[in-house]
Amino acid sequence: MKQWLKWMVLCIAVLAVAGCGGTKPDAPQSTTWKVGTNATFVPFEYTDESHQLNGFDIELFNEIAKKAGMKVEYKNVSFDGLIPALGTKQIDAAISGMTITKARAEKVDFSFPYYQSGLGVLTKDGTAVEDLSKLSGKKVAVQLGTTGAEKASEISNIELRSFDNNSEALLELTKGGVDAVIADLPVLQYYLTTKKDSVAKLSVIESKDPEYFGIAVKKGNKEVKDKINAALKELKKDGTLDALYQKYFNQDAPTMPEK
């Protein structure tokens, strides 16, 4: 009898230990997305007079989060630090007027395009730049990590000046420290409308392939990407995207590829 009781106690102890070492319930999923942006890219993202994040990208992502049933916590990150921050999971997504390129798509995944862009050259002396080779021998300012910086690096015999943001690059142009700025077209267009600079000349850099802005997520993060894409589709369908385009660009959202 005693032997039988010993075996019973032993079995109960083993089962108790096994139960303690069983699979723990999954931790509850976060209801907040950490979103990186570089708030120096007017009119897409910037800090307003009340020190709040504002702009087309910010309003758009707020609407995306609503559709997805998520809250948003924004993190202001240098533009060239956004992709590394995704890789180390410091942020869940990045929206900052980021052009979808093959090189970037090797490191991160992108949402459907939400804005069609392009590059432009702004010169202070009113000189049109029909060909980038005309900038040879000139001082050219760009923002670090941008497609404008990539394009400028292809021009021979220029003095390239790199800045953390476009505002600094444009200020350098205003001060006469550089001869031209290469940046995204909407940023330069917005600059001209707000500064009322009658001397500066904007030239469009022609490209065979259109440039699109997309929302970046960590490579392989299908869950977040799918939620963002589903929300973008709804925003296009219900007219919210058109309303944001009208507010910031005085036009409806153009038709863009879903890929």
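Numbering (mature numbering (1 follows the signal peptide of the UniProt record, and there is no 0)) for the sequence shown: -18 to -1, 1 to 241.
Backbone N, C-alpha and C fix where the C-beta goes; we use that ideal spot for every residue, glycine too.
What you are looking at is a predicted structure, and each value in this text was computed from that prediction instead of being measured.
Quiz item: For L152, which residues from the same chain have a beta carbon less than 7 Å from its beta carbon, with the 5 sequence-adjacent residues on both sides left out?
Solution: In the sequence shown, counting from the first residue as 1, residue 152 sits at position 170. V163, Y173.
Quiz item: What whole-angstrom Cβ distance do A134 and V124 have, given they're in contact under 8 Å?
Solution: For the purposes of this step, residue 134 is taken as the residue at position 152 of the sequence shown. For the purposes of this step, residue 124 is taken as the residue at position 142 of the sequence shown. About 5 Å separates the two Cβ atoms, so the contact holds.
Exercise. Indicate whether V160 and V122 have their beta-carbon atoms separated by less than 8 Å.
Key: Locating residue 160 in the sequence shown gives position 178, where the first residue counts as 1. Locating residue 122 in the sequence shown gives position 140, where the first residue counts as 1. Going by C-beta atoms, V160 is nearer than 8 Å to V122.
Self-check item: Reference Y230, options N20, T14, V17, I40, closest by Cα
Solution: What you label residue 230 is simply residue 248 of the sequence shown in a count that begins at 1. When only C-alpha atoms are compared, the closest one is I40.
Quiz item: So, are the CB atoms of G202 and D91 less than 8 Å apart?
Solution: In the sequence shown, residue 202 corresponds to position 220, counting from 1. In the sequence shown, residue 91 corresponds to position 109, counting from 1. Result yes, Cβ atoms of G202 and D91 sit closer than 8 Å.
Quiz item: Nearest to N36 by alpha carbon, out of T22, K49, K48?
Solution: Taking the first residue of the sequence shown as 1, we reach residue 36 at position 54. It is T22.
Quiz item: When we look at the beta-carbon of K209 and count the other beta-carbons within 10 Å, is it buried (16 or more) or exposed?
Solution: Residue numbering aside, residue 209 sits at position 227 when the sequence shown is read from its first letter. That one is buried.
Quiz item: Taking the alpha-carbon positions, what's the E240 to K53 distance?
Solution: Against the sequence shown, residue 240 aligns to sequence position 258. Against the sequence shown, residue 53 aligns to sequence position 71. When rounded, the distance between both Cα atoms is 25 Å.
Exercise. Count the other CB atoms, across all protein chains shown, that sit within 10 Å of the CB of G158; report buried if there are 16 or more and exposed otherwise.
Key: Counting from 1 along the sequence shown, the entry for residue 158 is found at position 176. That one is exposed.
Self-check item: Helix, strand or coil at A212 according to DSSP, with G and I counted as helix
Solution: Against the sequence shown, residue 212 aligns to sequence position 230. Here A212 sits in helix by DSSP.
Practice problem: Closer than 6 Å by C-beta to I82: which residues in its own chain qualify, once you throw out the five before and the five after it? Chain order, please. | Solution: Translated into positions along the sequence shown, residue 82 becomes position 100. The residues are F92, Y194, G196.
Quiz prompt | G18 versus T237, N58, T29, residue with shortest Cα-Cα distance | solution = Here residue 18 refers to the residue found at position 36 when the sequence shown is read from its first residue. Among T237, N58, T29, the Cα nearest to that of G18 belongs to N58.
Exercise. Give the DSSP-derived three-state secondary structure of I40 in the structure shown.
Key: Counting from 1 along the sequence shown, the entry for residue 40 is found at position 58. Note: I40 maps to helix in three-state DSSP.
Quiz item: Counting Cβ pairs closer than 8 Å, one from the region 136 to 145 and one from the region 86 to 106, do we hit at least three?
Solution: no
Quiz item: Between the Cα of G130 and the Cα atoms of G119, G108, T175, G79, which residue gives the shortest distance?
Solution: Within the sequence shown, the letter at position 148 stands for residue 130. Checking every option, the nearest Cα to that of G130 belongs to G79.
Practice problem: Hey, could you find the ends of the beta strand (DSSP E) N58 is sitting in? | Solution: Numbered from 1 along the sequence shown, position 76 holds the residue referred to as residue 58. Looking at the DSSP string, the run of the beta strand (DSSP E) that includes N58 is 53 to 58.
Self-check item: Bridge partner(s) assigned by DSSP for R143
Solution: Here the question's residue 143 lines up with position 161 in the sequence shown. Partner(s): A123.
Quiz prompt | DSSP-derived helix/strand/coil call for Q98 | solution = For the purposes of this step, residue 98 is taken as residue 116 along the sequence shown, with counting starting at 1. DSSP places Q98 in strand when its eight states are reduced to three.
Quiz item: With burial defined as no fewer than 16 other Cβ atoms inside 10 Å of the residue's Cβ, what is the status of G127: buried or exposed?
Solution: Taking the sequence shown and counting its residues from 1, one reaches residue 127 at position 145. Classification of G127: buried, given that the 10 Å Cβ count is 16 or more.
Quiz prompt | 8 Å CB neighbourhood of D234 in its chain, flanking five on each side removed | solution = One-based indexing of the sequence shown puts residue 234 at position 252. Closer than 8 Å at the Cβ level, and outside the excluded window around D234, lie D224, Y227, Q228.
Quiz prompt | 8 Å Cβ cutoff met for A47 and W15 | solution = In the sequence shown, counting from the first residue as 1, residue 47 sits at position 65. In the sequence shown, counting from the first residue as 1, residue 15 sits at position 33. Yes, these two residues count as a Cβ contact at 8 Å.
Quiz item: Whose C-beta lies closer than 6 Å to the C-beta of L114 among residues of the same chain, with five residues either side of it excluded?
Solution: Within the sequence shown, the letter at position 132 stands for residue 114. Result list for L114: I137, in chain order.
Practice problem: Look at the alpha carbon of K6 and the alpha carbon of E88, and state the distance between them as a whole number of angstroms. | Solution: By one-based count along the sequence shown, residue 6 stands at place 24. By one-based count along the sequence shown, residue 88 stands at place 106. Because the pLDDT of K6 is 49, which lies under 50, any placement of that residue in the model is unreliable, and the question is left without a value.
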